[in-house]
Every structure is written in C-alpha cells, then in structure tokens.
Amino acid sequence: MNERQVKRRESEMELLRPPCATESDELLALAVSTGLFSTDDAKDLFGSVLSQLHTGTLPEGHAVVVAPDSDDRPMGWAYYAPEQYAPGVWNLWWIGARPERHGTGVGVALLEHVERAVRTHGARILVIETSALHYVSRARNFYTRQGYQECGRIPDFYGTGETKVIFVKRLFAAP
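With my numbering as the guide, the letters of the sequence shown map in order to residues 6 to 180.
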C-alpha cells in the first residue's frame, strides 16, 4: 500500500459514523446493490435492525457504522454485535460497500473499525458467516486477505445447495 492509499484509508476511517435515521432506505438499497440480497431479503434482514437503531431499542452492544463519501452519502456500512452466550465473541453480521467502491479501501476501513471497536469491549474472537455460492467468492477472499480463517461449513444451511461458511479471527482485548 502506498502513502496516498494509507492517507486515504486513514481519512475514510476518521469519517466513519453511525447512520442517520433518514438513511435507512439508502442502506437497504446498498445491501441490494451488492447482488447478495433481494429488496425483500434486505428489508427482512436489516430493516428491523435499522428501525431498532433509530428508536433506541437495538440490543446492548449491537452497533451499526457507516462509511460516508465526500457528499456524506453511505459508501458502505457494517453491523456487528456480541454473541449472547459466549463472552468475548462478537459477530460481524453485515459488511458491504457500493459495488463501485469495491477495492478502494472502504471495506477494509469498516472492518478495521469493527475490530477496534469490539476489542475495546474485550473481544477475543470475531466471527463472520457467509455463503459458499460462487458469487460470494469475492467476499470470502476479502475476509481471508484480512486475516480471517475459514473454520467450518454447514451444508444446505441457507437452503438446499447453499452452504454456510464460517470465518473467525482471533483478537486480543485492548489494554
């Protein structure tokens, strides 16, 4: 990574923020734009999370973060939360960026933010679950490049023929 890329990533990380209530539709559209979700699936999976966030009823520890562009529009966002029954284990339930921003550091900035945030809460492990379908290979490769290890697969988890792939990264709590 050259100096310019480092500075751009640092400036993007400084701008990360919680989403505004008025951005829910845009965040759902961003999820759909990745090609991983239909509009209905995005609403089912993320609509209630965003609604709970904006009404102050999101469970304790759950967090959503947005990476805005220079016009303050979301380029990407992430949703993460602690594992209820395993102290020190956190889940990254969603991370995504607008397709035109893939490869520009937005995903890395979001993921690094999540890792830092969960470390401050004593995280030992961050878990990411995704699909084994071919069109999700870019995401799986991204996780591997960021130091995540595939630790398991569950056949037919998301439906017949769609395997769940589980990635983990061992973290150490911040002092």
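Think of the CB as a built atom: it goes at the ideal place given N, C-alpha and C, for glycine as much as any other residue.
What did DSSP end up calling Pro-160 once you bin it into helix, strand or coil?
Locating residue 160 in the sequence shown gives position 155, counting from the first residue. Strand at Pro-160.
What span of residues does the alpha helix (DSSP H) with Thr-149 cover, start to end?
The count along the sequence shown starts at 1 and reaches residue 149 at position 144. Unbroken alpha helix (DSSP H) run through Thr-149: 142-150.
Mind checking whether Val-119 and Ala-72 have CB atoms under 8 Å apart?
Taking the first residue of the sequence shown as 1, we reach residue 119 at position 114. Taking the first residue of the sequence shown as 1, we reach residue 72 at position 67. No, the pair does not count as a contact, with Cβ atoms beyond the cut-off.
Flag this pair as touching only if the stretch 101-108 and the stretch 76-89 have three or more C-beta atom pairs under 8 Å; answer yes or no.
yes
Buried or exposed for Glu-28, going by 16 or more other Cβ atoms inside 10 Å?
Taking the first residue of the sequence shown as position 1, residue 28 is located at position 23. When all chains shown are included, Glu-28 counts as buried.
Nearest to Gly-157 by alpha carbon, out of Asn-146, Ser-56, Val-173, Asp-74?
Indexing the sequence shown from 1 puts residue 157 at position 152. Comparing Cα-Cα distances from Gly-157 to each of Asn-146, Ser-56, Val-173, Asp-74, the minimum goes to Val-173.
Candidates Gln-154, Gly-40, Trp-98, of which the one nearest Arg-175 by Cα
For the purposes of this step, residue 175 is taken as the residue at position 170 of the sequence shown. Here the closest residue by C-alpha is Gln-154.
Starting from the Cα of Ala-122, find the closest Cα among Gly-93, Ile-159, Val-141 and give me that residue.
Numbered from its first residue, the sequence shown carries residue 122 at position 117. It is Gly-93.
CA-CA distance, Phe-162 and Thr-168?
Mapped onto the sequence shown, residue 162 falls at position 157. Mapped onto the sequence shown, residue 168 falls at position 163. Those two C-alpha atoms are separated by around 5 Å.
For Phe-172, name the three-state secondary structure that DSSP assigns.
Along the sequence shown, read from residue 1 onward, the residue named residue 172 stands at position 167. Strand at Phe-172.
Hey, Ala-68 and Tyr-90 are a contact pair by Cβ (cut 8 Å); roughly how many whole angstroms apart?
Locating residue 68 in the sequence shown gives position 63, counting from the first residue. Locating residue 90 in the sequence shown gives position 85, counting from the first residue. At roughly 19 Å, the Cβ-Cβ gap does not stay under 8 Å, so Ala-68 and Tyr-90 are not in contact.
Should Lys-12 go down as buried or exposed, given a rule of 16 or more other Cβ atoms within 10 Å for buried?
For the purposes of this step, residue 12 is taken as the residue at position 7 of the sequence shown. Summary for Lys-12: the model assigns pLDDT 48, below 50, so the residue's position carries little reliability, and this model does not support an answer.
Out of Asp-74, Thr-125, Gly-152, Val-54, point me to the one whose CA is closest to Thr-109's CA.
Residue mapping note: residue 109 aligns to position 104 of the sequence shown, counting from 1. Of Asp-74, Thr-125, Gly-152, Val-54, the residue nearest in Cα terms is Asp-74.
In chain order, what are the residue ranges of uninterrupted beta strand (DSSP E) at least 3 long that sit wholly in the stretch 39-76?
68-73
Shortest alpha-carbon distance to Thr-149 belongs to which of Ile-159, Ile-133, Tyr-140?
Stepping through the sequence shown from its first residue, residue 149 is reached at position 144. Out of Ile-159, Ile-133, Tyr-140, Ile-133 has the C-alpha closest to the C-alpha of Thr-149.
Could you pull out every residue in the same chain whose Cβ sits closer than 8 Å to the Cβ of Pro-160, ignoring the five residues on either side in sequence?
Position 155 of the sequence shown, counted from the start, is the residue given in the question as residue 160. Excluding residues within five positions, the ones whose Cβ falls inside 8 Å are Thr-168.
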